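Below: one structure, written as structure tokens.
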Amino acid sequence: MNTGTPLEAPHVDVPTIPAPSDCMPALVAAGRAAPVVRVDYYGGTAWVVCDMDLVRAALTDRRLSKDIELTPEWMRVPGVMLGAQPRADVARTMVMSEGPEHARIRRLHAAVFTPRNTAKWGGRLALLAQELLDDLAATGGEVNLVERYTYPLPLGFICEMLGLRPDMHAVMREATDDIIYSPDQSIRVAGVGALAKAVAGWAADPRDLDDGLITGLLSAVGGDEAITVNEVVTWTVGLVMAGYESTASLIAAAILEALRVPADRRPRSAGEIDAWIEETLRVHPPFPHATWRFATEDVELGGYLIPRGAPVQINVAAANRCPHTGDPAVFDPGAGRAHISFGLGHHYCLGAPLARLEAATALTAFLRRFPDARLSATTEVQWQSEWMTRRINVLPVVLTDPGR
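The numbers in the numbering used here rise by one with no breaks, and the one at position 257 of the sequence shown is 257.
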């Protein structure tokens with residue numbers, strides 16, 4: 001432990017509002033400024049950890065808590081940190097809880113994301129992908145793959161997981177777009193409300209639902225775990241936000257990188273596909289920042305002092321690109337570089353195996369059906385990003401000679 005004078009974390013400027021641009025250069029630049037930096041964010045200051053070794057330490061340090069009750073006042077303004085204002089009618093989530101409550105919620109979620117369930121879902125994923133690719137083959141020409149494949153696939157899948165019928169899917173897409181990417185704070189807050197209202201309505205009258213996650217959780221209401229309907233609604237909204245949006249972003253980025261290389265260098269075997277997905281997670285983490293943590297006491301990381309009560313974020317983008325071997329900005333699946341895109345410690349993403357399966361299934365099916373697909377020569381790839389999220393908005397692809 002450094003017993004000398006604490007190092008001064010420099011202030012840096014990074015994107016803090018939704019923007020029709022790519023946040024990655026600014027986040028990586030913040031990591032080059034110092035291992036720990038400070039950012040002025042909506043009227044307050046946050047500490048941001050950027051160095052991979054310090055990030056690993058921070059993610060497993062229990063003094064950096066995700067308990068929502070520790071949220072400072074300046075972050076409780078609607079739209080600054082969604083979910084930062086504790087409310088009696090909104091249940092705790094796994095992401096923003098600690099201790100016995102976090103353990104209880106995680107245990108209930110873990111019962112869903114078992115290896116057996118993940119393997120079972122693989123067949124349905126492949127069929128959904130095939131249906132979308134059949135539609136693409138019938139269209140041909142240039143398409144925005146985001147609209148036609150990389151977003152409809154995980155959206156359709158998670159809605160089926162939840163037990164939602166096709167006519168309910170549009171609510172999910174519209175609400176998540178508003179929540180994550182609208183520059184208007186009132187629209188973002190309204191999006192959360194609209195999604196929660198829809199889920200609450202389905203939970204209140206589940207007769208229109210197919211058997212799935214919502215009905216499974218509802219069946220446990222009043223049981224040994226004392227689940228409430230409010231918890232079912234809150235957790236369902238959280239799963240949609242975490243499972244659909246992030247996986248769609250991962251699929252789009254993986255296909256983009258595949259189309260950037262000649263057809264004979266694209267991944268083919270299962271091992272090559274898996275390595276491609278891992279490198280995509282490193283270079284293009286769907287959440288460039290992890291969700292908020294709060295220092296429960298003064299915490300020293302690498303000589304930098306994070307004061308008690310300070311909000312802390314993990315700069316996943318910068319940590320993933322620390323120069324461990326070779327050029328960290330180069331997309332190289334064969335290098336086997338590590339990443340922390342799913343986190344570490346007791347908040348490690350429970351859905352990581354499923355996200356990997358979805359991405360691998362989507363990439364494999366697309367490259368097999370369209371082995372000679374190429375990026376458009378006339379339309380540019382467009383990114384959209386915010387402080388915590390990043391995705392491809394437009395992925396213009398020319399589809400030629402579909403295979404089977």
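All C-beta atoms in this analysis are idealised placements derived from N, C-alpha and C, irrespective of residue type, glycine included.
On a predicted model such as this, the values are computed, not experimentally measured, just so you know.
From the DSSP output, which residues share a beta bridge with histidine 347?
Translated into positions along the sequence shown, residue 347 becomes position 347. For histidine 347, which the question treats as bridged, DSSP gives no partner whatsoever.
Let me confirm a value: aspartate 205 is counted as buried when at least 16 other C-beta atoms fall within 10 Å, else exposed. Which label applies?
On the sequence shown, position 205 is the one that residue 205 refers to. Aspartate 205 comes out exposed.
I'd like the span of the alpha helix (DSSP H) that includes asparagine 315, first residue to last.
Taking the sequence shown and counting its residues from 1, one reaches residue 315 at position 315. Element bounds for asparagine 315: n/a, residue is neither H nor E.
Tell me whether the beta-carbon of leucine 122 lies closer than 9 Å to the beta-carbon of methionine 161.
Counting from 1 along the sequence shown, the entry for residue 122 is found at position 122. Counting from 1 along the sequence shown, the entry for residue 161 is found at position 161. Sequence check: residue 122 is glycine here, not leucine. In this structure, methionine 161 does not lie closer than 9 Å to glycine 122 by Cβ.
Going by the CB atoms, is the gap between threonine 296 and arginine 104 shorter than 9 Å?
As a first step, residue 104 must be located in the sequence shown, where it is residue number 104. As a first step, residue 296 must be located in the sequence shown, where it is residue number 296. No, Cβ-Cβ distance for arginine 104 and threonine 296 is not below 9 Å.
Would you mind giving the Cβ-Cβ distance between valine 397 and leucine 145, rounded to the nearest angstrom? I have them listed as a contact below 8 Å.
For this step, residue 397 is matched to residue 397 along the sequence shown. For this step, residue 145 is matched to residue 145 along the sequence shown. Sure, about 5 Å apart at Cβ, within 8 Å.
Whose CA, out of Ala355, Asp13, Val229, lies closest to the CA of leucine 281?
Residue numbering aside, residue 281 sits at position 281 when the sequence shown is read from its first letter. It is Ala355.
Over the uninterrupted alpha helix (DSSP H) stretch that includes alanine 26, give me the two end residues.
In the sequence shown, the residue the question calls residue 26 occupies position 26. Alanine 26 -> alpha helix (DSSP H) spans 24 to 33.
State buried or exposed for alanine 84, treating a residue as buried only when at least 16 other CB atoms are found within 10 Å of its CB.
Against the sequence shown, residue 84 aligns to sequence position 84. At alanine 84 the pLDDT is 47, less than 50, meaning the model places this residue with poor confidence; the figure from the coordinates comes in the next sentence. When all chains shown are included, alanine 84 counts as buried.
Specify whether the stretch 259 to 267 and the stretch 372 to 382 touch according to this definition: at least 3 beta carbon pairs, one from each stretch, less than 8 Å apart.
Two segments are said to touch when three or more pairs of C-beta atoms, one from each, lie closer than 8 Å; by this definition the stretch 259 to 267 touches the stretch 372 to 382.
Restricting to runs no shorter than 4 residues, where is the alpha helix (DSSP H) found entirely within the stretch 258 to 291?
270 to 283
Going by other Cβ atoms of all chains shown within 10 Å of its Cβ, with 16 needed for buried, is proline 35 buried or exposed?
Position 35 of the sequence shown, counting from 1, holds the residue named residue 35. Proline 35 comes out buried.
When the distance is taken between beta carbons, is alanine 360 closer than 9 Å to aspartate 274?
Within the sequence shown, residue 274 is the residue found at index 274, counting from 1. Within the sequence shown, residue 360 is the residue found at index 360, counting from 1. In contact: aspartate 274 and alanine 360 (Cβ atoms closer than 9 Å).
Restricting to Cα atoms, I'd like to know which of Ile255, Leu399, Thr389, Leu395 is closest to aspartate 178.
Taking the first residue of the sequence shown as 1, we reach residue 178 at position 178. For aspartate 178, the closest of Ile255, Leu399, Thr389, Leu395 by C-alpha to C-alpha distance is Thr389.
Going by other Cβ atoms of all chains shown within 10 Å of its Cβ, with 16 needed for buried, is lysine 66 buried or exposed?
As a first step, residue 66 must be located in the sequence shown, where it is residue number 66. Under this definition lysine 66 is a buried residue.
Closest by CA to leucine 153, which one among Ser246, Ala110, Tyr42?
Counted from its first residue, the sequence shown places residue 153 at position 153. Taking only the C-alpha atoms, the option nearest leucine 153 is Ser246.
What residue range is occupied by the uninterrupted beta strand (DSSP E) comprising glutamate 358?
Within the sequence shown, residue 358 is the residue found at index 358, counting from 1. No beta strand (DSSP E) contains glutamate 358, which is instead part of the alpha helix (DSSP H) from 352 to 369.
In chain order, what are the residue ranges of uninterrupted alpha helix (DSSP H) at least 4 long that sit wholly in the stretch 110 to 187?
115 to 139, 152 to 162, 169 to 181
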